[in-house]
Ligand code: IPE
Ligand code: IPE
Ligand code: MG
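Pasting the structure below:
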């Protein structure tokens, strides 16, 4: 493991739960449940077998509220179960869980389970799991701008002192930049996921639907990452 290069910060856009279910003649909810079960296994693999330090997950976008009430309600219940019980191994693994997104529109039960998870894991040091829930990259930039504007208005920050570090500190979470983003299910877009933090990320778009995206698929994506030549503007 030590001589293999892993990204420091991995993003996963967990897509394809609905199509996975539909192709089996099942309800979309069954796909979301299968996706959540797969996620727990995948996270155990990542934190036990790789040196990836930070994982950002796209769990629910601000746009996903446009879906039918049944599906949204099911997902919200699934989040509560996931955070309250299924993430137990993450907590035992010394991983700190944080959330990104707007709190408005989220049911109280979800907010409570998020707060408890954050609190239970706040002193963990092995890795970070950032869960993007009711998240939009455009809203994150709007919310960061408002936070900074307030500090300028109340005199605690000078305009000249606004740097990239200040911008990052005023995002939902102060995280290192994304090195690698995987979107499952074959869609080749980022759908408002961490648009600022992924400005220099490498991407992989495997065709596999998220419920089937196991540790073997992840290693295949990581192999693709290792073949990339990250130049950051340098001459070759
Ligand atoms: C991703 O799977 C899960 C969420 C967006 C919450 P989808 O539900 O988008 O699955 P597809 O894209 O319809 O197959
Ligand atoms: C992006 O997937 C959001 C999550 C994976 C949570 P969507 O399925 O909602 O994205 P679009 O609608 O295909 O862009
Ligand atoms: Mg989708």
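Numbering (the numbering used here), first residue to last: 1087 to 1322. For every residue, glycine included, the Cβ atom is placed at its ideal position computed from N, Cα and C.
Query                                                                                                                                                                           : Result
Taking a contact to mean a Cβ-Cβ separation below 7 Å, would you say residue 1170 touches residue 1133 in this structure?                                                       : no
Answer with yes or no whether the minimum CB distance from residue 1318 to chain B is below 7 Å.                                                                                : Absent here is chain B; the protein component of the structure consists of one chain.
Measuring straight from C-alpha to C-alpha, what distance separates residue 1259 and residue 1199?                                                                              : 18 Å
Under a three-way DSSP split, which group does residue 1088 fall into?                                                                                                          : Model confidence at residue 1088 stands at a pLDDT of 48, short of 50, so the residue's coordinates are unreliable and nothing is read from them.
So, with DSSP's three-state summary, where would you put residue 1172?                                                                                                          : helix
Got a sec: does ligand 3 put a non-hydrogen atom nearer than 6 Å to the Cβ of residue 1298?                                                                                     : no
Determine the DSSP secondary structure at residue 1105, reduced to helix, strand or coil.                                                                                       : helix
For my contact list, residue 1284 and residue 1267 are in at a C-beta cut-off of 8 Å; report their separation, rounded to the angstrom.                                         : 6 Å
Taking 7 Å as the cut-off, decide whether the C-beta atoms of residue 1181 and residue 1155 are in contact.                                                                     : no
Please list, in chain order, all residues of the same chain as residue 1124 whose beta carbon is under 8 Å from its beta carbon, the five residues on each side excluded.       : 1296, 1297, 1298, 1299, 1300
Quick check on the DSSP output: the alpha helix (DSSP H) that includes residue 1312 runs from which residue to which?                                                           : 1301-1312
For residue 1293, verify whether its CB is less than 6 Å away from any heavy atom of ligand 3.                                                                                  : no
Excluding the five sequence neighbours on either side, which residues of its own chain have a C-beta within less than 7 Å of the C-beta of residue 1238, listed in chain order? : 1245
Would you kindly work out how many angstroms separate the C-alpha atoms of residue 1317 and residue 1185, rounded to a whole number?                                            : 31 Å
Is the region 1207-1222 touching the region 1138-1147 in the sense that three or more CB pairs, one from each, lie closer than 8 Å?                                             : yes
Along the beta strand (DSSP E) that carries residue 1288, what are the first and last residues, could you check?                                                                : 1288-1290
Does the separation of the CB atoms of residue 1251 and residue 1101 fall below 7 Å?                                                                                            : no
Below 8 Å on the Cβ atoms is my guess for residue 1183 versus residue 1217; work out the distance and round it to an integer in Å.                                              : 7 Å
What number of angstroms, rounded off, separates the C-alpha of residue 1174 from the C-alpha of residue 1166?                                                                  : 13 Å
For ligand 5, is there any heavy atom lying closer than 6 Å to the beta carbon of residue 1176?                                                                                 : No copy of ligand 5 occurs in the structure displayed; its ligands are ligand 1, ligand 2 and ligand 3 alone.
Taking a contact to mean a Cβ-Cβ separation below 7 Å, would you say residue 1264 touches residue 1235 in this structure?                                                       : no
Looking at the structure shown, is residue 1099 part of a helix, part of a strand, or coil, going by DSSP?                                                                      : strand
Between the alpha carbons of residue 1097 and residue 1162, how many angstroms are there, rounded?                                                                              : 21 Å
When you measure from the CB of residue 1224 to every non-hydrogen atom of ligand 2, does any distance come out below 6 Å?                                                      : no
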